[in-house]
């Protein structure tokens, strides 16, 4: 395995303690990077407990992301006009196709690990879409001794449904899947973001995670010319897959490999901003700046070229929660803050993102500073109940924002 290192200012990459990772990650405002060229994962198998699980998850998320791209390509004409959107059928095919594909593949390798996922097959059955979903899955599924059937696909979808498994209060091991986080992004002809997100939870702790983001564009604004050339060649326009393994950091590589370019894993770190008014912030698509506690002390702008004193830069990153976690973990944003509204918050919108941000040196909590309890929904593990909402930061800003939230709620 050949290792290519850029701007290395830290201890060896595979053995950083949590404290060392944090100090390294926050020493500068722009992300540092080191790259590992390899066909396997960017850390040793013998010392990473969930290596095989992560290896399988990366493979299947890449194929699921490719399924999304294929389905989406049938939705738009060459001039980006929507060709068909009756009953949101393309979204249905992609959502359910991804869930069926991941369920089938993970069940082959890890039959004893249940799946918690967003969908069940009721809608597919009611609209007679099983054949269309089967076609999408068949093109991406690994070979089997016999062809897949519609019944195989429907059962695979329901393996992740709300009635598939009852956990109870005991510690559990299970997969958490969001087949497409950011459906509005999927439906846009532009480069709006959407994410296939998969995490493995062991006894209440996320231990590995994979996010596939087909529309991700690499930010070249802070790179020197040599880095710009390398990353234009390797990442731009190809989407990314982000992975995290507990204790081994967060990494990204090209989602779509090409024969003339090797796979390059790049280590991710959160940004190093430690002043709230200098931070870059992401909002949920359904919430406004005025709905957040920070709005009582700071103004906001989305114009990156004209940020003035006491203004926070709000980044417009449609769509879905996981794309915001991806922004923070990659160092492109400093904060993602979500207010808890009346509707419930789903575990699959946060589980994989939580690990990716933590392993990149950041922090995730509720608005009181408590960790997110993934086992609070004892029977289904499908809901989370953060007090006030969810706060995701680069770590430096976390306590400061919690203080603002506390002061604002007191007033």
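In our numbering, the protein residues as written are 118 to 528. In this text, a Cβ means the ideal position worked out from N, Cα and C, and glycines have one as well.
Of the candidates 319, 443 and 464, 443 places its Cα closest to the Cα of residue 334. The DSSP assignment places complete beta strand (DSSP E) segments of no fewer than 3 residues inside the stretch 401–469 at 416–418, 428–432 and 452–456, in order along the chain.
Taking the Cα positions, residue 431 is about 7 angstroms away from residue 400.
Per DSSP, reduced to three states, the secondary structure at residue 298 is strand.
CA-CA distance, residue 303 to residue 318, rounds to 27 angstroms.
Pairing residue 218 with residue 326 gives a Cβ-Cβ distance that is not under 8 angstroms. Fewer than three pairs of CB atoms, one per stretch, sit closer than 8 angstroms, so the stretch 288–295 makes no contact with the stretch 241–260. Remark: fewer than three beta-carbon pairs, one from each stretch, lie closer than 8 angstroms, so the stretch 456–471 and the stretch 416–429 are not flagged as touching.
If you draw a straight line from the Cα of residue 253 to the Cα of residue 210, it is about 7 angstroms long.
Here residue 316 is not near residue 178, since their CB atoms are 8 angstroms or more apart. Residue 324 is positioned such that its CB atom lies closer than 8 angstroms to that of residue 363. Of the candidates 513, 313 and 483, the residue whose Cα lies closest to the Cα of residue 235 is 313. Measuring C-alpha to C-alpha distances from residue 238 to each of 228, 271 and 226 identifies 271 as the nearest. The straight-line gap separating the alpha-carbon atoms of residue 241 and residue 512 is approximately 42 angstroms. Fully contained in the stretch 216–261 are the following alpha helix (DSSP H) runs of length 4 or more, in chain order: 239–243 and 247–255. Looking from the CA of residue 417, the closest CA among 397, 403 and 402 belongs to 397. Partner residues in a beta bridge of residue 515, as assigned by DSSP, do not exist. Nearest in C-alpha terms to residue 309, of all of 283, 526, 438 and 160, is 438. The beta carbon of residue 499 lies closer than 7 angstroms to those of 233, 279, 463 and 464 in the same chain, with the five residues before and after it left out. Take residue 220, set aside five residues on each side of it, and the residues of its chain with a beta-carbon closer than 6 angstroms to its own are 232, 273, 276 and 277, in chain order.
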